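In my numbering, the protein residues as written are 6 to 219.
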């Protein structure tokens with residue numbers, strides 16, 4: 006029996022939280038497990054509860070710090086994060102993805118919440134391009150000579166691990182997809198990070214975006 010994923014809502018606006026909760030209330034297989042309004046509570050709740058999905062609207066001042074998404078990823082490594090934002094903010098969308106979000110969705114697209122949640126739980130990445138933002142404006146590939154030179158040092162397998170790690174997949178998910186052991190995936194990851202002189206996952210994401218791999 007597949008467990009029902011817990012959803013954590015992080016939003017500083019009471020009306021928005023109510024709207025999100027009501028939009029998900031009748032959706033089978035999805036359960037809202039909690040709501041928080043501050044970054045501190047969000048991190049504590051994520052660390053203790055280990056939700057399957059986090060819905061976060063970072064428009065409130067306390068939730069707007071750029072590193073919060075990556076901090077949530079560290080607090081709940083298996084969690085998939087859906088960021089709710091305005092559809093006309095490609096830079097905010099790019100930043101969210103680079104920090105580890107699995108999806109960026111218009112905060113008013115209530116009807117899309119359930120399918121997007123199911124998509125990210127299945128390991129996919131989603132960008133809402135219904136507004137003026139384009140894929141190019143969000144990802145803004147910039148494959149300059151330095152990026153090309155760096156990627157030439159990677160094997161084909163290392164490039165694939167790079168791409169999947171950048172998309173937010175865990176070592177176990179990458180291992181399952183590529184038919185490798187978790188230990189082998191982690192060895193590939195450590196090796197490619199050394200070759201590219203990277204220390205954090207955010208650097209992997211930026212490299213993958215610049216190279217046009219995602």
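We put the CB at the ideal spot given by N, CA and C, even for glycine. As the structure is a computational prediction, the values presented were derived from the model and not from experiment.
Give the DSSP-derived three-state secondary structure of residue i in the structure shown.
i           : result
residue 40  : strand
residue 13  : strand
residue 3   : The structure shown has nothing for residue 3, since the chain only spans 6 to 219.
residue 141 : Model confidence at residue 141 stands at a pLDDT of 45, short of 50, so the residue's coordinates are unreliable; what they give is reported in the following sentence. Three-state result, residue 141: helix.
residue 132 : strand
residue 30  : helix
residue 208 : helix
residue 118 : helix
residue 171 : helix
residue 202 : coil
Are residue i and residue j closer than 9 angstroms when you measure CB to CB?
i           : j           : result
residue 84  : residue 73  : no
residue 89  : residue 16  : yes
residue 172 : residue 197 : no
residue 68  : residue 87  : no
residue 183 : residue 165 : yes
residue 170 : residue 194 : yes
residue 91  : residue 123 : no
residue 49  : residue 18  : no
residue 70  : residue 97  : no
residue 176 : residue 190 : yes
Judging by CA-CA distance, which residue of the options is the nearest neighbour of residue i?
i           : options            : result
residue 54  : 39, 65, 61, 44     : 39
residue 110 : 132, 44, 187       : 132
residue 27  : 161, 168, 116      : 116
residue 125 : 49, 108, 41, 114   : 108
residue 3   : 21, 63, 167, 51    : The structure shown does not extend to residue 3, since the chain is modelled only from 6 through 219, so no value can be given for it.
residue 213 : 168, 181, 185, 179 : 168
residue 46  : 23, 14, 30, 181    : 14
residue 37  : 56, 185, 190, 191  : 56
residue 185 : 202, 203, 163      : 163
residue 20  : 202, 42, 35, 32    : 42
residue 178 : 128, 81, 203, 34   : 128
(Q) Three Cβ pairs or more, each shorter than 8 angstroms: is that satisfied between the segment 95-108 and the segment 8-28? (A) no
Q.
As an exercise, report each continuous beta strand (DSSP E) stretch of at least 3 residues that is fully enclosed by the segment 33-113, in chain order.
A. List check, beta strand (DSSP E) in window: 36-41, 58-61, 85-90, 108-111.
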